[in-house]
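In the working numbering, the protein residues as written are 1 to 156.
For each residue, glycine too, the CB sits at the ideal point set by N, CA and C.
Owing to the predicted nature of the structure, the values given are computational and were not obtained by experimental measurement.
For reference, the structure is listed below as structure tokens.
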């Protein structure tokens, strides 16, 4: 039996400036940091050497900034708003890494639609989303704007 999966995400026409979404949380583990080091090849001691990290201003190991960004992307997808409707992740603008992310921190993503632009020739439109990644202390650890191309609603 061949079942058609139902699209869960929002189509371009369903995005409105001002809409906001908050993801579930995700706790950063040592396994996350070591796996990312292996995947990226970034074995910087600030991420992988506990004794070295004690001598830094942070006093402990920190997660890779790009690991935090990757996890933020996954958390954004877990909201479901782009599931099955996103055509492309087009751009990241004005991304700032504000505070360190430590092993044991729990991250959450807050997103707000700031612009929508129809691109009919591409079969959808551009949705600009202001993204704020916050930790369990409600501190912003990174933020910026993501531009995603989202499919238009199919015509009946």
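Its chain contains 112, 114, 145 as the residues whose beta carbon lies nearer than 6 angstroms to that of residue 130, once the 5 sequence neighbours on both sides are disregarded; these appear in chain order. Rounded to the nearest whole angstrom, the C-alpha separation of residue 57 and residue 69 is 22 angstroms. Look at residue 45 here: in three-state DSSP terms it is helix. The alpha-carbon separation between residue 72 and residue 125 amounts to approximately 22 angstroms. Remark: C-beta atoms of residue 99 and residue 141 approach each other more closely than 9 angstroms. Taking the CA atoms as reference points, residue 21 sits about 11 angstroms from residue 15. With contacts defined by Cβ atoms closer than 9 angstroms, residue 103 and residue 61 form a contacting pair. Within the same chain, Cβ atoms closer than 6 angstroms to the Cβ of residue 82 are found at 9, the five residues on either side in sequence being excluded. Within the DSSP bridge table, the entry for residue 150 names 86, 125 as partners.
Counting of Cβ neighbours within 10 angstroms places residue 24 among the exposed residues, the total staying below 16.
Assigned with DSSP and collapsed to three states, residue 70 falls in helix.
According to the DSSP assignment, residue 118 belongs to the beta strand (DSSP E) that extends over 106-119. Going by C-alpha positions, residue 121 is about 17 angstroms away from residue 147. Residue 35: member of the alpha helix (DSSP H) spanning 30-40, first to last residue.
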